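To keep things clear, I will list the structure first and then write my remarks on it.
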């Protein structure tokens, strides 16, 4: 009887932990907590358990191309050799989705380093991983102070149907088509009209490049042409943040072409235009 009581107490405790893990209250603070719980689960139980527990049913991971997270990791063995820390995070004013990014380390005798981006969506009061990718870098040399930005206010339409959401997403898709056309006509300089002053770039082999004034010279120094083929657009119900992902074709000045999977995070501006606040490029497999 005592053993049964102990067993049921353990079950109840596990249920309680599960119920409160990933809890979302619409704040960036709650998202950071969920990200750290995800990292803790990874370290304690392994990648298979962490991803199958925290990913949304339609959540994607780029390994290297986008695949369903639950399907991919359910077929993988447990692995605990990756650790990461969020250093930059934001949540939409509607509290329905947000993102975190920061450095990761793959352990071993010769550690590997990189930067990750994870997009999260809130469902039934719980954060779920919607999209996850990373890009490799050299060992970080610059110390970074965490920047967790809370929504300025709360706004979520009471009545919003799928048709309205699709129409809103089309605005972002059109913005990206305009970017693509501008890059074709005017070259890399065209990025200048689509980047926020404080935009961030995660590009293989480099530490995060922060600031439009640093991103444009970086691109201009080695890229002659770039084009994007958008796969999907998703916009927060609050109308302030959105993301796209797809495939980028980059022609370097060194006469080399490379394909990347990309994810862009967009923010709506006061003039109703959409600017990129975060760009991630990760090598694609074609």
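In the numbering used here, the protein residues as written are -12 to 273.
We treat Cβ as the ideally placed atom computed from N, Cα and C, and that holds for glycine.
In this text, all values refer to a predicted model and were calculated from it rather than measured experimentally.
| query | result |
| --- | --- |
| For the beta strand (DSSP E) holding residue 155, just list the boundary residues, first then last. | Taken as a continuous stretch (DSSP letters only), residue 155 belongs to no beta strand (DSSP E), being part of the alpha helix (DSSP H) at 149 to 173. |
| Who pairs with residue 214 in a beta bridge, going by DSSP? | 236 |
| Three or more C-beta pairs closer than 8 Å, one from the stretch 115 to 125 and one from the stretch 41 to 49: is that the case here? | yes |
| Determine, using beta carbons only, whether residue 33 and residue 67 come nearer to each other than 8 Å. | yes |
| Spatial neighbours of residue 9 within its chain, please: CB distance less than 6 Å, with the 5 preceding and 5 following residues excluded, ordered by chain position. | 21, 113 and 114 |
| Does DSSP put residue 275 in a helix, a strand or coil? | Residue 275 is absent from the model: the chain starts at -12 and stops at 273. |
| Does the pairing of the stretch 122 to 134 with the stretch 221 to 228 give three or more beta-carbon distances under 8 Å? | no |
| Are the beta-carbon atoms of residue 27 and residue 143 separated by less than 8 Å? | no |
| Taking the beta strand (DSSP E) that residue 24 falls in, what are its first and last residues? | Segment 15 to 32 is the alpha helix (DSSP H) holding residue 24; no beta strand (DSSP E) there. |
| Cutting at 6 Å between CB atoms, please list the residues of its own chain near residue 238, excluding the five before and the five after it. | 211, 212 and 244 |
| Can you name, in chain order, every residue of its own chain whose Cβ lies under 8 Å from the Cβ of residue 207, other than the five neighbours on each side? | 175 and 176 |
| Which class does residue 243 belong to by DSSP, given the choice of helix, strand or coil? | coil |
| Between the C-alpha atoms of residue 267 and residue 235, what's the straight-line distance to the nearest angstrom? | 11 Å |
| For residue 57 and residue 29, what's the separation of their Cα atoms in angstroms? | 14 Å |
| Whose C-beta lies closer than 7 Å to the C-beta of residue 108 among residues of the same chain, with five residues either side of it excluded? | 43, 83, 84, 115 and 117 |
| Roughly how many angstroms lie between the CA atoms of residue 39 and residue 55, to the nearest whole one? | 10 Å |
| Measuring CB to CB, does residue 59 end up less than 8 Å from residue 41? | no |
| Reducing DSSP to helix, strand and coil, say where residue 37 ends up. | helix |
| Among the residues of its own chain, which have a CB less than 7 Å from the CB of residue 273, if the five just before and after it don't count? | 246 |
| Taking buried to mean at least 16 other C-beta atoms within 10 Å of its own C-beta, is residue 166 buried or exposed? | buried |
| Please go through the same chain and pick out, in chain order, the residues whose beta-carbon is closer than 7 Å to the beta-carbon of residue 147, but skip the five residues on each side of it. | 224 |
| Looking at the structure shown, is residue 83 part of a helix, part of a strand, or coil, going by DSSP? | coil |
| Sort out for me which residues DSSP pairs residue 89 with in a bridge. | 103 |
| Taking the continuous beta strand (DSSP E) assigned at residue 135, which residues delimit it? | 134 to 136 |
| Of the choices 99, 50, 81 and 23, whose alpha-carbon is the least far from that of residue 75? | 23 |
| From what residue to what residue does the beta strand (DSSP E) around residue 113 run? | 113 to 124 |
| Based on the DSSP output, what are the partners of residue 251 in its beta bridges? | 231 and 266 |
| Around the Cβ of residue 163, are there at least 16 other Cβ atoms within 10 angstroms (buried) or fewer (exposed)? | buried |
| Helix, strand or coil for residue 260? Go by DSSP, reduced to three states. | coil |
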